[in-house]
Amino acid sequence: MCSHEPTPPPAGHTPGTLYGIGVGPGDPDLITLKATRILGTVDVVFAAASTKNDYSTAHGIAAPHMRPGARTVTLGFPMTRDRAALTAAWQANAQTVADELDGGRSGAFLTLGDPLIYSTFGYLMRTLAAMRPDIPVEVVPGITSYQASAARTRTVLCESEENLLLLSGVGSAESLRDMLRQADNSVILKAYKNFPEIRRVLGEAGKNGETVFVSRLGMEGEHIVRNIAEAPEKPHYFTHLLIPKEPRD
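Structural data, given as structure tokens:
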């Protein structure tokens, strides 16, 4: 992941702790008590954003719980698959975090949903560990979008001996088709990316009427459709699909 040799910590400095905090799927009420407690104590809050747009939905959720006087540092992550560009961004952001935590300051990296599920935090955590293994890291789990949408729509995700498959919408149609054959129940995150192709594969599998389309859950503009055939052609970035097993006994 990171080819840099570990950077020695500054002499005489004990770094503060980095907390990876999941703030939930978008509804401000779905942030955990532990997350709010830590946000009320840390000195610096790191908000991830696209390099083309510095707005952070996660920061908007966390802001009411932040300690008065806590600083916010925006970390830019490019929306690209260029490995070199991504690696450079992870290394630069990890260095920024290390610089902020030196001297004993504590920090929280915010992420929607859970920090270890399709999150930029995983990349940052590994890069920081390679560069500065002396910096302690703790992860605070968050409620995921698909957990919240299952509750919102009363959709059973799995029970008894059933399995639940978590998929990324950026994969190929062939891979998606093969995976769906093996799953009792499925969730597709990042469904905005290849949505027409995803809908076609689900239609071929006879899953249109079983698939729950969820966009901007808990946010302004929330859109839920219980038949994917009726979903918009170009869904929002915050879109995922629930594909439960039907019928149930």
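In the UniProt record's numbering, the protein residues as written are 1 to 249. The C-beta atom is built at its ideal place from N, Cα and C for all residues, glycine as well.
For the alpha helix (DSSP H) holding valine 201, just list the boundary residues, first then last. Position 201 of the sequence shown, counting from 1, holds the residue named residue 201. Per DSSP, the continuous alpha helix (DSSP H) segment holding valine 201 begins and ends at 195-204.
Hey, which unbroken runs of the alpha helix (DSSP H) at 4 residues or more fall wholly within the region 130-173? Runs found: 145-153.
Report all residues from its chain with a CB closer than 6 angstroms to the CB of glutamate 230; omit the five preceding and five following residues, and keep chain order. Walking along the sequence shown from the start, residue 230 turns up at place 230. None.
Report yes or no: do the region 216-232 and the region 173-181 share at least 3 C-beta pairs separated by less than 8 angstroms? They do not touch, by the three-pair rule.
CB-CB length for isoleucine 114 against threonine 155, believed under 8 angstroms: Within the sequence shown, residue 114 is the residue found at index 114, counting from 1. Within the sequence shown, residue 155 is the residue found at index 155, counting from 1. It should be noted that the sequence gives aspartate, not isoleucine, for residue 114. Rounded to whole angstroms, the Cβ separation of aspartate 114 and threonine 155 is 19 angstroms, and the two are not in contact under 8 angstroms.
Relative to the C-alpha of glycine 22, which residue among Met66, Lys34, Ser56 and Thr111 is closest? In the sequence shown, counting from the first residue as 1, residue 22 sits at position 22. Comparing Cα positions, the closest option is Thr111.
Spatial neighbours of leucine 116 within its chain, please: C-beta separation below 7 angstroms, excluding the five flanking residues on both sides. Taking the sequence shown and counting its residues from 1, the one referred to as residue 116 is at position 116. Contacts found: Gly122 and Val139.
In whole angstroms, give me the CA-to-CA distance for glutamate 210 and lysine 234. On the sequence shown, position 210 is the one that residue 210 refers to. On the sequence shown, position 234 is the one that residue 234 refers to. Looking at the two C-alpha atoms, the distance is approximately 20 angstroms.
Would you decide whether asparagine 93 is buried or exposed? Buried here means 16 or more other CB atoms lie within 10 Å of its CB. Within the sequence shown, numbered from 1, the residue matching residue 93 stands at position 93. Counting Cβ neighbours within 10 Å, asparagine 93 comes out buried, since at least 16 surround it.
In whole angstroms, give me the CA-to-CA distance for glutamate 159 and aspartate 184. Taking the first residue of the sequence shown as position 1, residue 159 is located at position 159. Taking the first residue of the sequence shown as position 1, residue 184 is located at position 184. C-alpha separation (whole angstroms): 10 angstroms.
Pairing CB atoms from the region 58-69 with CB atoms from the region 120-136, are three or more of them under 8 angstroms? No: the two stretches stay apart, fewer than three of their Cβ pairs being nearer than 8 angstroms.
State the Cα-Cα distance for the pair threonine 32 and glycine 142, rounded to the nearest angstrom. Walking along the sequence shown from the start, residue 32 turns up at place 32. Walking along the sequence shown from the start, residue 142 turns up at place 142. Near 7 angstroms, if we compare the C-alpha coordinates of glycine 142 and threonine 32.
Can you check which of these residues, Arg105, Thr57, Gly16 and Pro244, is closest to alanine 150 by C-alpha distance? Here residue 150 refers to the residue found at position 150 when the sequence shown is read from its first residue. Closest option to alanine 150, Cα to Cα, is Pro244.
For arginine 226, name the three-state secondary structure that DSSP assigns. Here residue 226 refers to the residue found at position 226 of the sequence shown. Note: arginine 226 maps to coil in three-state DSSP.
Between the CA atoms of aspartate 82 and glycine 76 - distance to the nearest angstrom: On the sequence shown, residue 76 is found 76 positions in, with the first residue counted as 1. On the sequence shown, residue 82 is found 82 positions in, with the first residue counted as 1. Their Cα atoms are separated by approximately 15 angstroms.
Is glycine 20 closer than 9 angstroms to aspartate 43 when the C-beta atoms are compared? Position 43 of the sequence shown, counted from the first residue, corresponds to residue 43. Position 20 of the sequence shown, counted from the first residue, corresponds to residue 20. Cβ distance not < 9 angstroms, so aspartate 43 and glycine 20 don't count as in contact.
Output the distance between the C-alpha atoms of proline 136 and leucine 18, rounded to the nearest integer angstrom. Sequence index remark: in the sequence shown, residue 136 carries index 136 (1-based). Sequence index remark: in the sequence shown, residue 18 carries index 18 (1-based). Going from the Cα of proline 136 to the Cα of leucine 18 covers about 6 angstroms.
To which residues of the same chain is threonine 14 closer than 6 angstroms at the C-beta, ignoring the five residues directly before and after it? As a first step, residue 14 must be located in the sequence shown, where it is residue number 14. Only Gly104 meet the Cβ criterion.
With 9 angstroms as the threshold, decide whether the Cβ of threonine 87 is near any Cβ in chain C. The question asks about chain C, but that chain is absent: this structure has only one protein chain.
Rounding to the nearest angstrom, what Cα-Cα distance links isoleucine 188 and alanine 84 in this structure? In the sequence shown, counting from the first residue as 1, residue 188 sits at position 188. In the sequence shown, counting from the first residue as 1, residue 84 sits at position 84. About 27 angstroms.
With a CB to CB cut of under 7 angstroms and the five nearest residues on each side skipped, what residues in its chain are close to valine 170? Counted from its first residue, the sequence shown places residue 170 at position 170. Hits under 7 angstroms: Lys190, Lys193 and Asn194.
Distance, glycine 26 Cα to glycine 60 Cα: Taking the first residue of the sequence shown as 1, we reach residue 60 at position 60. Taking the first residue of the sequence shown as 1, we reach residue 26 at position 26. When rounded, the distance between both Cα atoms is 9 angstroms.
Alpha-carbon to alpha-carbon, threonine 74 and methionine 131: Here residue 131 corresponds to residue number 131 of the sequence shown, with the count starting at 1. Here residue 74 corresponds to residue number 74 of the sequence shown, with the count starting at 1. Linking methionine 131 to threonine 74 through their CA atoms gives a straight-line distance of about 20 angstroms.
Between the C-alpha atoms of proline 28 and glycine 221, what's the straight-line distance to the nearest angstrom? Against the sequence shown, residue 28 aligns to sequence position 28. Against the sequence shown, residue 221 aligns to sequence position 221. Computed Cα separation, rounded: 15 angstroms.
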